[in-house]
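The block underneath contains the structure these notes are about, expressed in structure tokens.
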Amino acid sequence: MPSPYLPHAIYSVAIVSLSIHLVNQRKLAGDERARIAAQTSILESISEQLRSNKAISGDELERLKRLARPLEHNPATEGIPGESIGWREIFLGRKKEEGAPEMSKWEKKDMEKMNQDLGK
Numbered sequence: 001m002p003s004p005y006l007p008h009a010i011y012s013v014a015i016v017s018l019s020i021h022l023v024n025q026r027k028l029a030g031d032e033r034a035r036i037a038a039q040t041s042i043l044e045s046i047s048e049q050l051r052s053n054k055a056i057s058g059d060e061l062e063r064l065k066r067l068a069r070p071l072e073h074n075p076a077t078e079g080i081p082g083e084s085i086g087w088r089e090i091f092l093g094r095k096k097e098e099g100a101p102e103m104s105k106w107e108k109k110d111m112e113k114m115n116q117d118l119g120k
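All residue numbers in the sequence shown are consecutive under full-length UniProt numbering, ending with 120.
Here you go:
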């Protein structure tokens with residue numbers, strides 16, 4: 001016999017999922033607005049410098065143009081190309097590769113330092 005709380009649990013998961021999605025979309029929209037405002041500011045400064053007949057170096061102009069150029073590749077929004085994640089990996093986690101080391105030397109040093117700090 002199903003639990004009487006099962007529909008409420010499903011509704012709660014759906015609402016939380018939608019909330020997280022909306023927060024992510026709001027963050028992406030804010031980042032996009034900030035990027036466009038920065039590009040506009042850079043292009044306005046270039047136009048002011050060119051209108052005032054100030055001597056502007058070619059390197060400075062190239063740097064500003066490069067800053068104002070839109071991103072061709074944004075790994076934060078696109079994810080890792082060619083990599084797909086299945087439901088099994090979502091719930092159970094990734095399997096460790098047999099040939100891969102368990103911890104890098106930096107992770108080992110951090111763990112040793114944490115153990116020493118905890119031991120004091």
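Every residue, glycine too, gets a C-beta built ideally from N, C-alpha and C.
Next on the checklist: Given this structure, state the Cα-to-Cα distance separating L50 from L67, to the nearest angstrom.
Outcome noted: Sequence index remark: in the sequence shown, residue 50 carries index 50 (1-based). Sequence index remark: in the sequence shown, residue 67 carries index 67 (1-based). So the alpha carbons of these two residues sit roughly 17 Å apart.
Checklist entry - Are the segment 28-39 and the segment 56-66 touching by the rule of at least three beta carbon pairs closer than 8 Å? => result no
Checklist entry - Do I42 and L64 have their CB atoms nearer than 8 Å? => result Residue numbering aside, residue 42 sits at position 42 when the sequence shown is read from its first letter. Residue numbering aside, residue 64 sits at position 64 when the sequence shown is read from its first letter. A contact, by the Cβ cut-off of 8 Å.
Checklist entry - From I15 to E102, what does the alpha carbon distance come to, in whole angstroms? => result For the purposes of this step, residue 15 is taken as the residue at position 15 of the sequence shown. For the purposes of this step, residue 102 is taken as the residue at position 102 of the sequence shown. Each residue's Cα considered, the two are about 37 Å apart.
Item to check | Coil, strand or helix - I90 by DSSP | outcome: For this step, residue 90 is matched to residue 90 along the sequence shown. Three-state DSSP puts I90 in a helix.
Next on the checklist: Quick check: the Cα distance between L118 and E112, rounded to an integer number of angstroms?
Outcome noted: For this step, residue 118 is matched to residue 118 along the sequence shown. For this step, residue 112 is matched to residue 112 along the sequence shown. Taking the straight line joining both Cα atoms gives about 10 Å.
Checklist entry - What residue does the alpha helix (DSSP H) around E48 start on, and which one ends it? => result As a first step, residue 48 is located in the sequence shown; it is residue number 48 there, counting from the start. Here the alpha helix (DSSP H) through E48 covers L6 to R51.
Next on the checklist: Give me, in chain order, the residues of the same chain whose beta-carbon lies closer than 7 Å to that of R94; leave out the 5 immediate sequence neighbours on both sides.
Outcome noted: What you label residue 94 is simply residue 94 of the sequence shown in a count that begins at 1. The answer is none, since no qualifying residue turns up.
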